[in-house]
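Right, one structure below, let's go through it.
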Amino acid sequence: MASRLLAPLPRPGIAAFFAPASFTLPIAITVPPLLADLWESVLRAVPKKKTSHMKKRHRQMAGKALKDVESLNKCPGCGQVKRAHLLCPHCVKDIKQSWKSAQTA
0 MASRLLAPLP
10 RPGIAAFFAP
20 ASFTLPIAIT
30 VPPLLADLWE
40 SVLRAVPKKK
50 TSHMKKRHRQ
60 MAGKALKDVE
70 SLNKCPGCGQ
80 VKRAHLLCPH
90 CVKDIKQSWK
100 SAQTA
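Numbering (numbering that gives the first Met the number 0) for the sequence shown: 0 to 104.
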């Protein structure tokens, strides 16, 4: 039991190998005062309040303006202007009204 608690001792060859890596040299870097003041202002440049959801959405949607619809055709049934490949809303409204009147009668 006591043999399990004792950790194995390091070998002298390995300790001699890692000894030079443990020394550190103190390095002093001089920074000009102008750069030090600039760095201090960069470190303090943080927002004071959380950005609201509305402002985030405005920023996200800034480049996504509505585009002009160029695919317009005339409806062959009523002659009204409609979007290409879509049903004419005027004709659909007329058909719905006729179906409702047929159901009630």
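Don't be surprised by glycine CBs; every beta carbon is placed ideally from N, CA and C.
It should be emphasised that the depicted structure is a prediction, and the values quoted were computed from it without experimental measurement.
Exercise. Would you kindly report the start and end of the unbroken alpha helix (DSSP H) that includes V91?
Key: P88 to T103
Practice problem: Pull up the CB-CB distance for L71 and A83, whole angstroms please, since I reckon it's below 8 Å. | Solution: 7 Å
Practice problem: Kindly list the residues whose CB is nearer than 8 Å to the CB of C74, restricted to its own chain and excluding five residues on each side of it in sequence; keep chain order. | Solution: V80, K81, C87, H89 and C90
Quiz item: Whose CA, out of W98, S97 and V68, lies closest to the CA of L85?
Solution: V68
Quiz item: In terms of residues, what are the limits of the beta strand (DSSP E) holding K81?
Solution: V80 to R82
Quiz item: Which of the three DSSP states, helix, strand or coil, is assigned to K73?
Solution: strand
Exercise. With DSSP collapsed to three states, give me the class of V45.
Key: coil
Exercise. Compare the Cα-Cα distances from G76 to each of L42, K49, K92 and L37 and report the closest residue.
Key: K92
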